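What follows is a single structure, written as structure tokens, with notes after it.
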Amino acid sequence: MSIAVNEQERIFRLDTPDTSYICAVTDDPGYLGHVYYGPRIPDDDIRCLLRTSENPYIPSMNKRDKLSFTDCYPMEYPVYGTGDFREPALKIRTPEGYCAAELNYAGYSVENFKTGPVPGVYGDNGQVLTIKLKDDCLKLEVLLKYTVFDDCNAVIRHSEIINNSSSTLFLERALSASFDMDNEDYELITLNGSWARERHINRKPIGYGFQGVYSDRGETSHQHHPFLGIVSKDCTQSRGEAIGVNLIYSGNFIASVYEGQFDNLRVMTGIDPESFEWKLNAGESFVTPQAALVYSAEGLGGMSRSFHDLYREHLIRSPWKDKARPILINNWEATYFDFNEEKLLAIAKEAAACGIEMLVMDDGWFGKRNDDNSSLGDWNVNENKLKGGLKKLVDGVNALGLKFGIWFEPEMISPDSDLYRAHPDWAIAVPGRTAGLARNQYVLDISRSEVRDHVFRSLADILDSANIEYVKWDMNRPLSDLASLGLEADRQKELSHRYVQGVYELQGRLMERYPDLLLENCSGGGARFDAGMLCFSPQIWCSDDTDAIERLLIQEGTALVYPLSAMGAHVSDCPNHTVGRVTPFETRGYVALAGTFGYELDITRIPEADRAMIPGQVKMYHMYNELVAAGDYYRLASYSGNNSYDSWMCVRKDKSEALLTFIQVKGRPNAHSRKLKVEGLDPGKTYRIYRFDMETVSEVPYGDGKAYHGSTLANAGLIINNMWGDNKGILLHIKEE
Ligand code: GLA
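If you number the sequence shown the way my numbering does, the last residue is 762 and the count never jumps.
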């Protein structure tokens, strides 16, 4: 039983295999408080941790006598306006303009989990605890939902706000999850960056006041990420405490920590209130996105593995989820806009000869698009470029033995497009104000159903016209100049959330009509790499930066939360188009192997020595991909921290084998070899180590060739010789004897 309720004492506990999450209700007033989140503990009554009998918490017989109580109590879902002066999870406004609210306990239920709408988790081995809170004055009901699965160390939370009154209420803030805890010298981890350097890991001590990240760009963004790690000071990859909070959502978010006067922390996440308001008519309800919480007593590695398991088993739905994805070659960095059918067929022919399995035609195939100035919205094939049309090209590619995939940017509209000329009002813009262009384009108002229907028809017409087995769904600019002609004045602040819901609806329709389609989401690289999009696409393009060394940082940050099977990663040409760096072709392959693996280069023009290596890399992918995609991820070293080398491992769940990747970013003169402690193996099993040899495309014994116990490799370590040169890599296959 994973959910237990002590009805008499009003204590609620959620147990996962290794963790317990406990909340309870005070006697008077009936406030729901957060008691504990940590390693699994026995069923003791630990309500004393709510400290309701201590100064300054002393409860008053009349709860309204003492605001200090409200301002100190570890609230489980804090509200605005009645004396808790910290950040609220919920803020309501009445038609009169009053904002005070107070939530009191009003009951609970425990049910078997039933899969709900996407985005969200799914599964048939879960339970849901619903705690009902209410404000009698507002006639408002708040349902806090907690889901746990038997096989996962995660708690998934969301809330539902129900207006039982006879008048309209306005939600100014309705977050998904919030909980209070003591600050025991914790540090905060966030994932931050920019275009081409998404999700770099940042770690800093938590201090007083408000700190956190948000996006108001209409997408999760390159700059910040809907993730927070609250970690103990001594937290490493394998030791220490880590709490991870990740919002399952693809739009504006906030993820914050507030440290208050008693060194208490308030951790919260949800839709960013800055750009949000929701008009809740009488009888209506609003459901927030889900947030996944993970506690790990095994450092960051334990946290990552719990997120990976949760997302692989209970979030990603595509039939491609557990299948080897076709190795694709994408023509973006090969040709940019400058291609025709001859060029694509030449790439496909050479790719087929090397064992590559799919050609993806990127931007530039439609309208009159020869640069990024036009044609978004005109999803008809440019027959001047692709003579004979799309079907002829796709048939030609299929005849070479390759699948065919295509790029779309369905949410966008170029001012220079037939669509814009016909429907200028479909672009998001404030009437009377010149809207800002980004990458020369506007955003379509996907919140409007007629716009969505048009977009869907355009996609379907193309997908029905030829044998297209993959779609790259791109989104290349943030939302600005917000206004929707489809919304009344008092609903304008609903646009960003309605937009995201529109995207979800479109992608849901797409997957319903083309269930076998392999969908890869993308947003100017990785600006919409988030758990919401993973419900629709099993993989997301990680970053436009394809440089192997830059990717070490991006992929490490991404893998902190998301499984490697979800990370779009390609081998590209050198000097790298983004940073101008030159790295060995082998290394580019090893780094891309930690993701979906593919190519992004002109295979007809790269150096012969590189091209000759591709069949071997293809074989390498087929040898190891399953282990990478399904294995447990262990990070052994971080270039982001040591500025010298990077290493990670994927260990089969039964611990019979592992793949270790080591990238030496900087060669060291006159130095010893490096000693690397290997994690995740079975201490009692013995293993022999083999090196993947790129030249012979086979495994050769590594080091002294002897077998070692997992515990020896973990504690004493293994030797990685210094390699001659920078940016070198080595791949080790560790196999049980
Ligand atoms: C974005 C994507 C790229 C490519 C271009 C095409 O930047 O991230 O991979 O598809 O758009 O315009």
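Yeah, the Cβ is synthetic: ideal placement off N, Cα and C, and Gly gets one too.
Model, not experiment: these values are computed from the prediction.
Label residue i either buried or exposed according to how many other C-beta atoms from any shown protein chain fall within 10 Å of its C-beta, with 16 as the threshold for buried.
| i | result |
| --- | --- |
| glycine 735 | buried |
| threonine 51 | buried |
| histidine 758 | buried |
| leucine 462 | exposed |
| serine 698 | exposed |
| glycine 497 | Checking the sequence shown, residue 497 turns out to be lysine, not glycine. By the 10 Å Cβ count, lysine 497 comes out buried. |
| lysine 731 | exposed |
| threonine 41 | buried |
| arginine 330 | buried |
| threonine 629 | exposed |
| arginine 693 | exposed |
| glutamine 286 | exposed |
| isoleucine 409 | Here the sequence assigns asparagine to residue 409, which means isoleucine is not the residue at that position. By the 10 Å Cβ count, asparagine 409 comes out exposed. |
| threonine 140 | exposed |
| methionine 86 | The predicted position of methionine 86 is uncertain, since its pLDDT is 48 and thus under 50; no value can be drawn from it. |
| asparagine 740 | exposed |
| threonine 172 | buried |
| lysine 753 | buried |
| serine 219 | exposed |
| histidine 647 | exposed |
| glycine 209 | Glycine is not the amino acid found at residue 209; the sequence shown has glutamate there. When all chains shown are included, glutamate 209 counts as exposed. |
| alanine 637 | exposed |
| valine 607 | exposed |
| cysteine 73 | exposed |
| serine 663 | buried |
| alanine 424 | exposed |
Tell me the residue span of the alpha helix (DSSP H) that contains residue i.
| i | result |
| --- | --- |
| lysine 417 | 414 to 424 |
| serine 723 | Element bounds for serine 723: not the alpha helix (DSSP H) but the beta strand (DSSP E), 723 to 726. |
| methionine 536 | 520 to 538 |
| phenylalanine 610 | 610 to 618 |
| phenylalanine 94 | 92 to 97 |
| glutamine 642 | 633 to 655 |
| glycine 557 | 556 to 559 |
| serine 665 | 664 to 667 |
| glutamine 738 | It is leucine, not glutamine, that sits at residue 738 in the sequence shown. Taken as a continuous stretch (DSSP letters only), the alpha helix (DSSP H) holding leucine 738 covers 735 to 740. |
Quickly, what does DSSP pair residue i with across the bridge? List them, please.
| i | result |
| --- | --- |
| alanine 29 | Arg38 |
| tyrosine 274 | In DSSP, tyrosine 274 forms no bridge with anything. |
| arginine 477 | DSSP, once it has assigned bridges, lists no residue as partnering arginine 477. |
| lysine 497 | Trp432 and Glu545 |
| phenylalanine 138 | Beta-bridge pairing links phenylalanine 138 to no other residue. |
| threonine 172 | Val153 and Ile181 |
| methionine 100 | Gly58 |
| alanine 316 | Arg182 and Leu272 |
Using alpha carbons as the reference points, say which of the options lies closest to residue i.
| i | options | result |
| --- | --- | --- |
| glutamate 611 | Gly605, Leu401, Cys599 and Val604 | Cys599 |
| tyrosine 133 | Glu223, Glu34, Asp69 and Pro67 | Glu34 |
| tryptophan 749 | Thr41, Lys691 and Ala126 | Lys691 |
| glutamate 367 | Thr44, His333, Gln580 and Lys412 | Lys412 |
| methionine 536 | Ala556, His522, Gln517 and Cys560 | Cys560 |
| isoleucine 214 | Arg224, Asp205, Trp220 and Met206 | Arg224 |
| lysine 702 | Leu168, Ser263 and Glu112 | Ser263 |
| isoleucine 453 | Ile471, Pro142, Met592 and Arg242 | Ile471 |
| isoleucine 226 | Leu542, Val676 and Ser665 | Ser665 |
| serine 203 | Ile755, Lys170, Trp220 and Tyr361 | Lys170 |
| phenylalanine 429 | Val468, Met293 and Leu369 | Leu369 |
| histidine 479 | Pro503, Ala460 and Met437 | Met437 |
| serine 509 | Glu575, Glu475, Phe481 and Asn492 | Glu475 |
| lysine 258 | Gly276, Pro251, Leu589 and Ala267 | Ala267 |
| histidine 339 | Asn365, Tyr361, Pro351 and Gln315 | Gln315 |
| proline 588 | Phe311, Pro449, Tyr658 and Pro113 | Tyr658 |
By the DSSP assignment, the beta strand (DSSP E) with residue i in it spans what residues?
| i | result |
| --- | --- |
| lysine 164 | Per DSSP, lysine 164 belongs to no beta strand (DSSP E) and is neither H nor E. |
| glutamine 236 | 234 to 240 |
| cysteine 48 | 44 to 50 |
| threonine 215 | 212 to 219 |
| isoleucine 574 | First-last for isoleucine 574: 573 to 584, but that is the alpha helix (DSSP H), not the beta strand (DSSP E). |
| arginine 516 | First-last for arginine 516: undefined, no H or E at that position. |
| threonine 711 | 711 to 718 |
| aspartate 443 | That residue, aspartate 443, is in no beta strand (DSSP E); its alpha helix (DSSP H) goes 443 to 447. |
| glycine 623 | 623 to 625 |
Under a CB-based cut-off of 8 angstroms, is residue i close to chain C?
| i | result |
| --- | --- |
| isoleucine 181 | The structure shown contains no chain C; it is built from a single protein chain. |
Segments assigned beta strand (DSSP E), at least 3 residues, entirely inside the region 338 to 424 | 353 to 355 and 383 to 386
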